[in-house]
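Those letters in the sequence shown? Residues 256 to 822, by the numbering used here. In what follows, a structure is listed as structure tokens, so that the remarks can point back to it.
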Amino acid sequence: MSNNKQKLELTWIGKNNPEYDIANIEPRILEERKDLSYGDPNTENIIIHGDNLLALKALLPEFEGKVKCIYIDPPYNTGNAFEHYDDSVEHSTWLSLMKPRLELLRMLLSKDGFICCQINDEEGAYLKVLLDEMFGRSNYLTSFYVQVRYPKKTLKQDMAFHKEIEEVHIYRKEYGAKPIQNEISSSFEKFRFYISEKSPGQRIQIKGKEAILFKKGEYEIIEKNGSEDGLKEIWATGTILDGNSSGRFFRDYLAGRATTDGLGVIYKIFGIGDDKFGFRYFTGPKRIGATKGKYYQGVPSDQLKNPMAIKSTPIENFYDFAAQFGNCRTEGGVEFRSGKKPELLLYTLLKHFSCPGDWVLDSFLGSGTTGAVASKMSRKYIGIEMENQAYSHVHKRLVSVVDGTDQSGISKTVEWKGGGGFKFYELAPSFITIDEFGNPVIDAYYNDAKLIRAMCKLTNYTFAPSATEYWKHGKGQGNNSIYVTTQMLSVAMVQQIVSHLTSNETLLICPKKYEPGCKEVDNRITIKKIPQSVLKACQFGKKEYLLPIKERTIEEMEEEDLPEAQE
Numbered sequence: 256m257s258n259n260k261q262k263l264e265l266t267w268i269g270k271n272n273p274e275y276d277i278a279n280i281e282p283r284i285l286e287e288r289k290d291l292s293y294g295d296p297n298t299e300n301i302i303i304h305g306d307n308l309l310a311l312k313a314l315l316p317e318f319e320g321k322v323k324c325i326y327i328d329p330p331y332n333t334g335n336a337f338e339h340y341d342d343s344v345e346h347s348t349w350l351s352l353m354k355p356r357l358e359l360l361r362m363l364l365s366k367d368g369f370i371c372c373q374i375n376d377e378e379g380a381y382l383k384v385l386l387d388e389m390f391g392r393s394n395y396l397t398s399f400y401v402q403v404r405y406p407k408k409t410l411k412q413d414m415a416f417h418k419e420i421e422e423v424h425i426y427r428k429e430y431g432a433k434p435i436q437n438e439i440s441s442s443f444e445k446f447r448f449y450i451s452e453k454s455p456g457q458r459i460q461i462k463g464k465e466a467i468l469f470k471k472g473e474y475e476i477i478e479k480n481g482s483e484d485g486l487k488e489i490w491a492t493g494t495i496l497d498g499n500s501s502g503r504f505f506r507d508y509l510a511g512r513a514t515t516d517g518l519g520v521i522y523k524i525f526g527i528g529d530d531k532f533g534f535r536y537f538t539g540p541k542r543i544g545a546t547k548g549k550y551y552q553g554v555p556s557d558q559l560k561n562p563m564a565i566k567s568t569p570i571e572n573f574y575d576f577a578a579q580f581g582n583c584r585t586e587g588g589v590e591f592r593s594g595k596k597p598e599l600l601l602y603t604l605l606k607h608f609s610c611p612g613d614w615v616l617d618s619f620l621g622s623g624t625t626g627a628v629a630s631k632m633s634r635k636y637i638g639i640e641m642e643n644q645a646y647s648h649v650h651k652r653l654v655s656v657v658d659g660t661d662q663s664g665i666s667k668t669v670e671w672k673g674g675g676g677f678k679f680y681e682l683a684p685s686f687i688t689i690d691e692f693g694n695p696v697i698d699a700y701y702n703d704a705k706l707i708r709a710m711c712k713l714t715n716y717t718f719a720p721s722a723t724e725y726w727k728h729g730k731g732q733g734n735n736s737i738y739v740t741t742q743m744l745s746v747a748m749v750q751q752i753v754s755h756l757t758s759n760e761t762l763l764i765c766p767k768k769y770e771p772g773c774k775e776v777d778n779r780i781t782i783k784k785i786p787q788s789v790l791k792a793c794q795f796g797k798k799e800y801l802l803p804i805k806e807r808t809i810e811e812m813e814e815e816d817l818p819e820a821q822e
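In structure tokens form, the structure reads like this:
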């Protein structure tokens with residue numbers, strides 16, 4: 256019998272392709288486009304134009320373990336590609352492209368962080384199993400079911416099924432991460448009904464309980480400001496009839512008494528309820544054949560002890576956003592017909608899975624909805640977009656958010672007036688290129704300053720130049736530093752550096768050339784020539800990790816002449 260442990264996992268052709276191994280993804284540097292950055296120069300918000308797999312790897316040194324909430328809306332693999340996305344690819348390839356992205360996203364999440372993955376039924380089940388593998392099935396929290404289309408919204412007639420629902424699979428990074436539940440104040444505002452007894456009424460027994468029957472005209476129900484002496488009105492119908500003791504009492508003993516007691520009566524039943532009164536009022540049917548009624552309860556005793564307490568209620572997992580999806584095509588002042596998500600959806604997710612000041616990330620940014628909502632909700636954001644809508648849509652939209660001119664989406668809900676800013680970055684080209692003789696060389700893009708930053712990333716050092724010691728360009732583990740130089744490294748230069756090292760310091764020197772004997776100067780010094788020392792560090796020369804292109808989207812299957820959905 257084999258002792259090899261097996262685990263439940265999804266397998267597919269090409270799953271272990273080394274091309275998609277995150278260890279082989281090149282950690283590029285990011286170059287700010289100051290001409291496209293906007294607003295507060297001290298802003299921490301980031302927009303990256305470039306392939307999102309390369310961009311995620313580039314973010315790791317600075318942001319690993321720091322992101323509180325990730326939202327992704329990857330191409331759905333419908334066979335009908337988004338206008339702005341490559342959205343049709345054989346199932347195995349789609350999974351191979353998603354796996355490394357999810358691995359990197361998990362690394363970026365904080366221990367108390369959450370990831371929200373929106374998908375439809377084409378790949379939804381596969382994505383769920385893949386997320387189970389990446390994050391652990393025990394870290395699955397729920398799936399939100401989002402209505403994205405009206406039931407009567409006409410699609411192409413040759414479609415067998417009308418697709419109305421999409422899913423958002425939600426996972427936490429680790430056990431203990433808790434979403435923010437809905438909160439309600441347990442004040443007395445709902446207890447605004449008062450019953451005035453205008454006569455002694457008729458004392459009766461109903462199923463062993465003392466009761467007083469008041470005929471029509473012998474009582475009055477008054478509605479005014481709520482207080483601890485008021486009553487809350489509750490309809491005895493639906494699930495109340497089964498799940499509530501007062502509801503069951505009405506169903507079993509009062510609903511059929513109209514022929515005995517008359518219409519429009521009210522019953523005062525003693526020995527029921529958990530409030531200070533010790534009784535509860537029930538209304539009888541007001542017309543022949545009616546089966547519904549109401550009851551009136553006082554403030555629960557535990558609420559009287561702490562009247563201003565805030566109660567948490569469960570987060571719903573179904574949202575009807577059909578109207579918002581139908582009306583969001585021009586939200587944010589940018590036209591984006593295919594796959595655009597309304598701000599209210601992102602507002603709902605960020606409300607439950609992040610707090611003001613937290614980092615939010617979207618690696619399929621599209622039209623910039625996540626960045627816009629995060630900004631309006633006082634979150635810091637990182638957005639990655641590989642296509643040209645990073646310029647035509649995202650940049651334009653977020654400029655209007657900063658200026659306060661964007662008053663669409665959630666702007667009025669949060670009273671958005673503008674502010675903040677963002678920095679716009681491009682991915683640098685690959686560090687290594689092939690020259691005309693077929694030899695690997697450092698790309699001409701990398702001047703001395705960029706070379707230093709790139710080597711820090713490739714060798715897992717944090718770029719942190721010392722203000723006083725020219726030979727400290729980055730920090731590694733413990734007291735280890737890195738020095739990168741394009742000069743010929745001489746023995747004398749190494750000796751000079753060694754004279755400034757403390758006994759417990761070590762230094763990695765990365766020169767293009769060095770004299771014989773440099774490696775023997777001091778055992779605290781390690782010398783690795785560039786670019787030779789990093790040629791096997793990762794896969795160089797890869798421009799992008801994209802999905803194959805098809806032409807049309809499921810949204811474009813809708814009748815083109817239909818009017819926009821109405822609120």
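Just so you know, even glycine gets a beta-carbon here, dropped at the ideal spot from N, CA and C.
Of the residues the options, which one's Cα is nearest the Cα of residue i?
i: Leu-285; options: Ile-301, Arg-427 and Pro-273; result: Ile-301
i: Ile-527; options: Gly-294, Thr-298, Asp-575 and Tyr-551; result: Tyr-551
i: Gln-579; options: Gly-594, Ser-567 and Pro-569; result: Gly-594
i: Leu-790; options: Leu-744, Ser-685 and Tyr-800; result: Ser-685
i: Lys-631; options: Asn-643, Gly-638 and Pro-611; result: Pro-611
i: Lys-797; options: Glu-264, Asn-271 and Arg-283; result: Arg-283
i: Ser-351; options: Tyr-326, Gly-320, Asp-376 and Met-389; result: Met-389
i: Asp-295; options: Ser-663, Val-656 and Ile-764; result: Val-656
i: Lys-678; options: Tyr-725, Ser-292, Ser-556 and Gly-587; result: Ser-292
i: Thr-603; options: Thr-298, Tyr-400 and Lys-727; result: Tyr-400
i: Leu-396; options: Glu-429, Ala-380 and Glu-378; result: Glu-429
i: Gly-456; options: Glu-488, Phe-443 and Tyr-522; result: Tyr-522
i: Asp-661; options: Val-628, His-755 and Thr-723; result: Val-628
i: Asp-777; options: Pro-766, Phe-795, His-755 and Cys-793; result: His-755
i: Ser-596; options: His-607, Gly-588 and Arg-584; result: Note that residue 596 is Lys in the sequence shown here, rather than Ser. Of the listed residues, the one whose Cα sits closest to Lys-596 is Arg-584.
i: Tyr-381; options: Glu-422, Leu-653, Pro-720 and Val-696; result: Glu-422
Please state the DSSP three-state secondary structure of residue i.
i: Lys-767; result: strand
i: Gly-368; result: strand
i: Arg-506; result: helix
i: Glu-815; result: For Glu-815, the predicted model reports a pLDDT of 36, less than 50, meaning its position is unreliable and no value from the coordinates is stated.
i: Gln-261; result: coil
i: Arg-392; result: helix
i: Glu-775; result: helix
i: Ile-277; result: helix
i: Phe-718; result: strand
i: Gly-548; result: strand
i: Val-554; result: coil
i: Asp-516; result: helix
i: Val-615; result: strand
i: Lys-523; result: strand
Can residue i and residue j be called in contact, C-beta distance under 8 Å?
i: Gly-519; j: Phe-525; result: no
i: Tyr-508; j: Lys-433; result: no
i: Ile-476; j: Phe-448; result: yes
i: Cys-773; j: Val-749; result: yes
i: Thr-624; j: Leu-605; result: no
i: Glu-640; j: His-304; result: yes
i: Gly-548; j: Ala-466; result: no
i: Asp-306; j: Leu-713; result: no
i: Val-753; j: Glu-770; result: no
i: Arg-288; j: Tyr-636; result: no
i: Ile-325; j: Leu-599; result: no
i: Gly-664; j: Val-649; result: no
i: Lys-470; j: Gly-517; result: yes
i: Gly-481; j: Lys-445; result: yes
i: Asn-375; j: Tyr-426; result: no
i: Leu-386; j: Cys-372; result: yes
i: Tyr-474; j: Ile-435; result: no
i: Lys-566; j: Ile-439; result: yes
i: Gly-431; j: Ser-365; result: no
Requested in this report: With a floor of 3 residues, list each beta strand (DSSP E) that falls wholly inside the stretch 626-712, ordered by position along the chain.
Outcome: List check, beta strand (DSSP E) in window: 635-640, 676-682, 687-689 and 695-697.
Query raised in the report: Whole beta strand (DSSP E) runs in the stretch 725-755 with 3 or more residues, listed along the chain?
Result: Whole beta strand (DSSP E) segments, 3+ residues: 735-744.
Report task. Report yes or no: do the stretch 355-366 and the stretch 391-406 share at least 3 C-beta pairs separated by less than 8 Å? Result -> The stretch 355-366 is not in contact with the stretch 391-406.
Requested in this report: Give, in chain order, every unbroken run of the beta strand (DSSP E) that is at least 3 residues long and sits entirely within the stretch 420-490.
Outcome: If we require 3 residues or more, the beta strand (DSSP E) runs fully inside the stretch 420-490 come out as 420-427, 437-440, 448-452, 457-461, 464-469 and 474-478.
Query raised in the report: If you pair each beta-carbon of the stretch 306-313 with each one of the stretch 274-283, do three or more pairs fall below 8 Å?
Result: Judged by Cβ distances under 8 Å, the stretch 306-313 makes contact with the stretch 274-283, as three or more pairs qualify.
Requested in this report: Could you name each continuous alpha helix (DSSP H) segment of 4 residues or more that falls completely within the stretch 304-332, going from the start of the chain to the end?
Outcome: DSSP assignment within the stretch 304-332 yields the following whole alpha helix (DSSP H) runs of 4 residues or more, N-terminal first: 307-318.
Query raised in the report: Quick check: the stretch 690-708 against the stretch 775-793, are there 3 or more CB pairs under 8 Å?
Result: Contact between the stretch 690-708 and the stretch 775-793 is established, with three or more Cβ pairs separated by less than 8 Å.
Query raised in the report: Should the stretch 757-764 be regarded as contacting the stretch 724-734, the criterion being three or more beta carbon pairs within less than 8 Å?
Result: Yes, the stretch 757-764 touches the stretch 724-734.
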